[in-house]
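Undergrad:
Chains as they are written, first to last, in the working numbering: chain C, 76 to 338; chain W, 5 to 251.
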């Protein structure tokens, strides 16, 4: 067994195995599609990403959809951070009312499916409070993700040694001052990795708002398919666009983290 | 004594659930006095000095520090803490700030001094603990002894009227204890009022005006060091001294 593991871990063998596995998957998909008589039309895809004409670079429908997804996710994340921060404060406040409110809020969100929450905001609370699609989408995503974000904040704050609160108190700082100058700067380091994960998660779950026809990446993809019937190509492309977006984001944050560590 | 005592504890008690941490403790500390508190672990020494700056609140009795009565949710607790410096066993420096920033943050944010004034103050006290050259380092780059000296300087930057030390050398490697004690002896000689929880009996002999021996949440014996070390009144103090000086 040990010898087998050693052989499998040889660089040449590992690369060969990897290529063989990938080739099998691609071949199987391609062969399957051939058998269905699927008519691949990859050449028609680029125009939906961008066009180069005399006017220069023109973003295609998919890129415009991507931009909408980015805007939607950014707005939802900003709101989720505010909500999550407020919930974390309530839970850490030591006030019975605050902890009770936070507990009810968290239980509600954790136990309602995202899709149902979205319908609730769009079809029920939307008309009551005058929310349009965008408003309902942003609020739904923000509320859904605020639960985990509040947990990240709370864990990050609790991971700072209790002696830090005492040291801050001992030089006469108020709780607020200790929080701002001592606790938060130290907990950011703990919060950054899970917060990045949560942004990626939010971008992915933003695809769900296509069910109420918010014109973001997934909706645009679906619309193109209903015009062109190129479901394979477009879904592959949409998936790749999400992948590129989230990988770029993770990469950017890891650079930021390294700077935090040394800085 | 024309000035009133800095600390007056009258019959203060403190419980943690089933554990009686302090049991009717009375102690008075005069300005300029150096009091060393010793006793076995769990005897309430740390709890007592933590009450003196409000990190713990006593349940019963009356505690007056710097002329202000301490009680649960005391409105002047923050003002009081500025006048009562505290040095912890684990240093508790702020790891995200440089040494100089550790010293400046209290004067700047709490006392509202300008950056310039705060830096001047910080450098003065860094000189006094003999590590001016470490000003721009982060705490983690310093040895334990240096970190504790920074912690002492940080407390001094608030220009307190009394300094509390909670086992300041217990977390240090033996070879670093001396440098911290030297700084504390200097401080004592400058006339600072000090309450020190420690097992460093050499230090106690050198600077203490009075020794306080605690056991099981009570003060068992208070005596001047000459008497306490040569001829303690109680058997328990005797036994304790034998244990820590015996070998």
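Every residue, glycine too, gets a C-beta built ideally from N, C-alpha and C. It should be emphasised that the depicted structure is a prediction, and the values quoted were computed from it without experimental measurement.
Would DSSP call residue 92 (chain W) helix, strand or coil?
TA: DSSP places residue 92 (chain W) in coil when its eight states are reduced to three.
Undergrad: I need the straight-line Cα distance from residue 161 (chain C) to residue 228 (chain C), nearest angstrom please.
TA: Distance between the alpha carbons of residue 161 (chain C) and residue 228 (chain C) is about 10 Å.
Undergrad: If I follow the unbroken alpha helix (DSSP H) through residue 180 (chain W), where does it start and stop?
TA: Its alpha helix (DSSP H) spans residues 178-193.
Undergrad: Pick out the complete beta strand (DSSP E) segments inside the region 114-186 of chain C, 3 residues or longer, and give them in chain order.
TA: Counting whole runs of 3 or more residues, the region 114-186 of chain C contains the beta strand (DSSP E) stretches 125-128 and 131-134.
Undergrad: Just list the residues that DSSP pairs residue 24 (chain W) with in beta bridges.
TA: Paired residue(s): W:19.
Undergrad: With a threshold of 7 Å between beta-carbons, can residue 245 (chain C) be considered close to chain W, or not?
TA: Taking Cβ atoms only, chain W reaches closer than 7 Å to residue 245 (chain C), which makes this a yes.
Undergrad: Would you give the residue range spanned by the beta strand (DSSP E) that residue 42 (chain W) belongs to?
TA: Residue 42 (chain W) -> beta strand (DSSP E) spans 38-42.
Undergrad: Quick one: list the residues of chain W neighbouring residue 241 (chain C), beta-carbon separation under 9 Å, in chain order.
TA: Under the 9 Å cutoff, chain W gives 54, 59, 90, 92 and 96.
Undergrad: Between the region 245-279 of chain C and chain W, which residues of the former have CB atoms less than 7 Å from a CB of the latter, in chain order?
TA: Answer in chain order: 245, 246, 247, 248, 249, 252, 256, 257, 260 and 261.
Undergrad: Within 7 Å of any Cβ in chain C, is that where the Cβ of residue 113 (chain W) sits?
TA: Yes, residue 113 (chain W) counts as interfacial toward chain C.
Undergrad: Could you name the residues of the same chain whose beta carbon sits closer than 8 Å to that of residue 165 (chain W), not counting the 5 residues immediately before and after it, in chain order?
TA: Excluding positions up to five away in sequence, the list reads 10, 35, 70, 87, 88 and 197.
Undergrad: Report the three-state DSSP secondary structure of residue 33 (chain W) (helix, strand or coil).
TA: The answer is strand: DSSP assigns residue 33 (chain W) an E or B state.
Undergrad: Contact between the region 37-51 of chain W and the region 214-226 of chain C: three or more CB pairs below 8 Å?
TA: No: the two stretches stay apart, fewer than three of their Cβ pairs being nearer than 8 Å.
Undergrad: When the cut-off is 7 Å and only beta carbons count, does residue 62 (chain W) lie next to chain C?
TA: Residue 62 (chain W) does not count as touching chain C.
Undergrad: Select from the region 100-111 of chain W all residues with a C-beta closer than 7 Å to any C-beta belonging to chain C, and list them in chain order.
TA: For the region 100-111 of chain W, which is checked against every Cβ of chain C, the residues closer than 7 Å are 100, 109 and 110.
Undergrad: Chain C partners of residue 162 (chain W), CB-CB under 7 Å?
TA: Ordered by position in chain C, the residues that pass the 7 Å Cβ test against residue 162 (chain W) are 246 and 247.
Undergrad: Please state the DSSP three-state secondary structure of residue 102 (chain W).
TA: Looking at residue 102 (chain W) - three-state DSSP - the assignment turns out to be coil, as it is neither helix nor strand.
Undergrad: Please classify residue 224 (chain W): does DSSP put it in a helix, a strand, or coil?
TA: Residue 224 (chain W): strand per DSSP, three-state reduction.
Undergrad: To which residues of the same chain is residue 224 (chain W) closer than 8 Å at the C-beta, ignoring the five residues directly before and after it?
TA: For residue 224 (chain W), where only same-chain residues beyond five positions count, the Cβ hits under 8 Å are 43, 217, 218, 238, 240 and 241.
Undergrad: Around the Cβ of residue 170 (chain W), are there at least 16 other Cβ atoms within 10 angstroms (buried) or fewer (exposed)?
TA: With 16 or more Cβ atoms within 10 Å of its Cβ, residue 170 (chain W) is classed as buried.
Undergrad: For residue 16 (chain W), which of W:29, W:59 and W:25 has the nearest alpha-carbon?
TA: For residue 16 (chain W), the nearest C-alpha among the options comes from W:29.
Undergrad: Does any C-beta atom of chain C lie closer than 7 Å to the C-beta of residue 82 (chain W)?
TA: Closer than 7 Å to some Cβ of chain C, the Cβ of residue 82 (chain W) qualifies, so yes.
Undergrad: For residue 49 (chain W), count the other beta carbons within 10 Å of its own beta carbon; 16 or more makes it buried, fewer makes it exposed. Which is it?
TA: When all chains shown are included, residue 49 (chain W) counts as buried.
Undergrad: Whole angstroms is fine: what's the gap from residue 87 (chain C)'s alpha carbon to residue 77 (chain C)'s?
TA: Looking at the two C-alpha atoms, the distance is approximately 18 Å.
Undergrad: By the 9 Å beta-carbon criterion, what residues does the region 130-163 of chain W contribute toward chain C?
TA: Within the region 130-163 of chain W, the qualifying residues are 155, 158, 159, 161 and 162.
Undergrad: Applying the 10 Å Cβ sphere with the 16-neighbour rule, what's the burial state of residue 116 (chain C)?
TA: Exposed: under 16 other Cβ atoms inside 10 Å.
Undergrad: How is the beta strand (DSSP E) around residue 131 (chain W) delimited, first residue to last?
TA: Premise fails: residue 131 (chain W) lies in the alpha helix (DSSP H), 119-132, not in any beta strand (DSSP E).
Undergrad: Report yes or no: do three or more beta-carbon pairs, one from the region 281-299 of chain C and one from the region 126-139 of chain W, lie closer than 8 Å?
TA: These segments do not touch.
Undergrad: Rounded to the nearest angstrom, how far is the Cβ of residue 180 (chain W) from that of residue 206 (chain W), given a contact under 8 Å?
TA: About 15 Å; that fails the 8 Å criterion.
Undergrad: Taking 7 Å as the threshold (C-beta atoms), are residue 277 (chain C) and residue 140 (chain C) in contact?
TA: Not a contact, by the Cβ cut-off of 7 Å.
Undergrad: Can you tell me whether residue 113 (chain W) is buried or exposed, with buried defined as 16 or more other CB within 10 angstroms of its CB?
TA: It counts as buried.
Undergrad: Any beta carbon from chain C within less than 7 Å of residue 165 (chain W)'s own beta carbon?
TA: By this cut-off, residue 165 (chain W) is not an interface position.
Undergrad: Is residue 252 (chain W) helix, strand or coil by DSSP?
TA: No answer is possible for residue 252 (chain W): it lies beyond the span of chain W, which begins at 5 and ends at 251.
Undergrad: Tell me whether the beta-carbon of residue 262 (chain C) lies closer than 7 Å to the beta-carbon of residue 232 (chain C).
TA: For residue 262 (chain C) and residue 232 (chain C), yes; Cβs fall inside 7 Å.
Undergrad: Who are the neighbours of residue 85 (chain W) on chain C, taking C-beta pairs under 8 Å?
TA: Chain C residues near residue 85 (chain W): 244, 245, 246 and 247.
Undergrad: Could you have a look at residue 12 (chain W) and say whether DSSP puts it in helix, strand or coil?
TA: In the structure shown, residue 12 (chain W) sits in a strand (DSSP, three-state: E or B).
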